[in-house]
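**Student:**
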Amino acid sequence: MRRRLFFQVYLTFLSIIVLFGVLTALAWWFIPDDYRSGGLTRGMGPYLEEVLPPVGAPRDRIDEHLSRLAAHFDVRLTLLASDGRVLGRSGPDHQEGTKRHHMHAIMLPDGRTMQVGWVREGISGAGFIIVPGLLALAAAVGAWPLARRLAGRLERLKSRVEALGSGDLQARVKVEGRDEIAALATSFNRAAGRIEDLVEAQRNTLAAASHELRSPLARIAMATGLLADHADPHLVARIERDIAELDQLIDEILLGSRLEIEEEPARLDEVDLGALAAEEAARFEVAFTGGTAVIAAEEHMVRHLVRILIGNARRHATGSPVSVDVTLDGPQARLRVADRGPGVRESMRESIFELFRSFAADGKGAGLGLYLVRRIARRYGGDAVCLERPGGGALFEVSMPRSPAREEEQGR
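Numbered per this note's numbering, the sequence shown spans residues 866 to 1277.
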C-alpha cells in the first residue's frame, strides 16, 4: 500500500511514452511518403519529354528507356498516350504483403502521361510490439528516478500527516524543492505548529482551571465542616455530595482532555481486572463474581473505568442491587456491571457513549462518564457497549484483550 502512489506515478510516465510510440508507429504506417512524390513532380514533365523517345516511337524503344529510368529511381513507370493507351511499362511490381503501393501521375508537354509507382515498407506486426516495447524499456529506466523522487516526497508527507493524526504533535515534514509539494509541506508544518500551540494552550488552561476550581471547593468543604454542628445535617450532606460531584467532574474533564491528546499509552502493565474489580466492588459495597483476568493496560485508567460504571449504576438505579462480574471469553476479558434500575432505551444504547450525551438517559450526570469508559476501553484495543438485561435494568459490558504474556503461558 505504501508503494501504490509510486507505482501509479511511474506507470503514468511509462504509459505516456508507450502511447507516444504507438502513435508514432501508426503515423509511419498511414501518413504518405510525400517527399518522394514532391521531388518527382517538380519539373519532371519537360525532363521526361527530353529523355523519352518521341511520340510514335516503337514499344521496345520506349520500354528500354523506361527500364533504365525505373532501375535508377527504383520505381515502376508506365507511359500512357493522351487517349489512355499503354505505350510502355517497366519496373518492379510490388503489391503483396505489408508493402504500400503509391502512384503519382506526371503530365508531359506533348500530352502523354507518366505514371510513377513506388512502394514503402510498412511496419510489420512484430514491429508494432517491438517498437513500443523498446520505448517502454527506455521509459522504465528514465522515469524511475523521477517517479521515485515525486512519490517519495508524497509518501513522507503522508507518513507525517498520519503521525500527527495519531497524536505526535511534533510531527513535521522536511521541505524539499520549490514546487506545489514543497508548498504543501510548508502549509502542513505551519498547521501542525498551530495545532501543537492550541493543544498546549488547552492543556495549560485546563490545568489552571482545575487548580482554580479546586481551591474554592476546598474552602467550601472546610467551611462546611466547621458549620456541621450548627447547620441542618441534610443540607450539609447535600453540599458535601455536590462538592464530591464537582471534584469528580473536574477529574473527568482532565482525563477526557488527556485521552483526546494521547492516543497511545506510554507504557502498559499487567493488570488483573478481576482483582481490581473486586476491590472496587467491595469499596462500593456491591456484589462481585468472577476470577483472574490479566490484561495489558494502565491500572489507574482501568480503575477509573470500573469506578465510573459502578458509580453510574448506583446513581441511576438507587435502591436496586448492583452486580459486578469478570469472566474470560477466549482472548478477551469481559467486565459486566448490571443493575435493576430503569435501564436504557434501545434507541439510546449507542448515543449514551457520546460526549455530553449520557445525561439523556434519565437527566442525571454531565455526560462524561460513559464517554470516558469507551475511550479507555478502546485505548487498550477493547470496547464498551450497553446491552439489554433480561428481567429489566441496565447491563454495561467492557471487553479488553488479555495480556499476550499470560495467553502464552496458558497455551503452554
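Heads up, the beta-carbon is just placed ideally off N, CA and C, and yes, glycines get one too.
Let me know the secondary structure DSSP gives A1198 once reduced to three states.
**Tutor:** In the structure shown, A1198 sits in a strand (DSSP, three-state: E or B).
**Student:** How would you write the range of the alpha helix (DSSP H) that S932 sits in, first residue to last?
**Tutor:** Run containing S932: R924 to F938, per the alpha helix (DSSP H) assignment.
**Student:** Along the chain, where does the beta strand (DSSP E) that runs through L952 open and close?
**Tutor:** Note, L952: beta strand (DSSP E), V951 to S955.
**Student:** Just tell me which of M979, H930 and A1161 has its CA closest to the CA of R950.
**Tutor:** Measuring from the Cα of R950, the nearest candidate turns out to be M979.
**Student:** With burial defined as no fewer than 16 other Cβ atoms inside 10 Å of the residue's Cβ, what is the status of Y1245: buried or exposed?
**Tutor:** With 16 or more other Cβ atoms within 10 Å, it is buried.
**Student:** According to DSSP, which residues form a beta bridge with S1087?
**Tutor:** First, the amino acid is wrong: residue 1087 is Met here, not Ser. Note: M1087 sits in no beta bridge, so no partner.
**Student:** In terms of residue numbering, what span does the alpha helix (DSSP H) encompassing V916 cover?
**Tutor:** Per DSSP, V916 belongs to the alpha helix (DSSP H) from M909 to V916.
**Student:** Could you check if R1177 is buried or exposed, using at least 16 other CB atoms within 10 Å of its CB as the buried criterion?
**Tutor:** What sits at residue 1177 in the sequence shown is Asn, not Arg. So N1177 counts as buried.
**Student:** Report yes if the C-beta distance between A1182 and A1259 is below 9 Å; otherwise report no.
**Tutor:** In contact: A1182 and A1259 (Cβ atoms closer than 9 Å).
**Student:** Which one or two residues does DSSP pair with G982 in a beta bridge?
**Tutor:** DSSP output for G982 lists R941 and M968 as bridge partner(s).
**Student:** With a Cβ-Cβ cutoff of 9 Å, do D1194 and S1264 count as a contact?
**Tutor:** Yes.
**Student:** For E1145, report the span of its alpha helix (DSSP H) as first-last.
**Tutor:** Taken as a continuous stretch (DSSP letters only), the alpha helix (DSSP H) holding E1145 covers L1138 to F1149.
**Student:** Give the DSSP-derived three-state secondary structure of R1132 in the structure shown.
**Tutor:** It is coil, neither helix nor strand.
**Student:** Suppose you measure from the CA of E961 to the CA of S880; what does that come to, to the nearest Å?
**Tutor:** Low local confidence applies: a pLDDT of 47 at E961 is under 50, so the model's placement there is unreliable, with the coordinate-based value given in what follows. Going by the C-alpha atoms only, they are around 34 Å apart.
**Student:** Quick check: I1060 and L1034, are their CB atoms within less than 9 Å of each other?
**Tutor:** Yes. Within cutoff.
**Student:** By the three-class DSSP mapping on this structure, what secondary structure does R1068 have?
**Tutor:** Looking at R1068 - three-state DSSP - the assignment turns out to be helix.
**Student:** Just verifying my parser: in three-state terms, what is the DSSP assignment at V1038?
**Tutor:** Correct three-state label for V1038: coil.
**Student:** What number of angstroms, rounded off, separates the C-alpha of D1107 from the C-alpha of A1161?
**Tutor:** So the alpha carbons of these two residues sit roughly 35 Å apart.
**Student:** Enumerated in chain order, which unbroken segments of the alpha helix (DSSP H) with a length of 4 residues or greater are wholly contained in the stretch 1147-1218?
**Tutor:** Counting only runs of 4 or more, we get 1164-1181.
**Student:** Looking at C-alpha atoms only, which residue of A1102, W1009, S955 and R1055 is the closest neighbour of V937?
**Tutor:** One point to set straight first is that residue 937 is His, not Val, in the sequence displayed. Here the closest residue by C-alpha is S955.
**Student:** When you compare only the Cα positions, how much space is there between V1159 and G1032?
**Tutor:** Taking the straight line from one Cα to the other gives about 27 Å.
**Student:** On a CA-only basis, which of V1136, G1042 and L1019 is nearest P1269? Give me that one, please.
**Tutor:** For P1269, the nearest C-alpha among the options comes from V1136.
**Student:** Where do the ends of the alpha helix (DSSP H) carrying V920 lie?
**Tutor:** Taken as a continuous stretch (DSSP letters only), V920 belongs to no alpha helix (DSSP H), as it is neither H nor E.
**Student:** Within 10 angstroms of its Cβ, does T877 collect 16 or more other Cβ (buried), or is it exposed?
**Tutor:** Exposed is the call here.
**Student:** Under a three-way DSSP split, which group does L1237 fall into?
**Tutor:** It is helical.
**Student:** State the DSSP-derived secondary structure class of A1249, mapped to helix, strand or coil.
**Tutor:** Looking at A1249 - three-state DSSP - the assignment turns out to be strand.
**Student:** Applying the criterion that 16 or more other CB atoms from any shown protein chain within 10 Å of the CB defines a buried residue, is G1208 buried or exposed?
**Tutor:** The residue is buried, with at least 16 neighbouring Cβ atoms inside 10 Å.
**Student:** Let me make sure I understand the geometry here. Which of D939, L945 and A970 has the alpha-carbon closest to that of P918?
**Tutor:** Ranking the options by Cα distance to P918, first place goes to L945.
**Student:** Taking only three categories from DSSP, how would you classify L973?
**Tutor:** Three-state result, L973: coil.
**Student:** Hey, could you find the ends of the beta strand (DSSP E) P1266 is sitting in?
**Tutor:** P1266 -> beta strand (DSSP E) spans A1259 to P1266.
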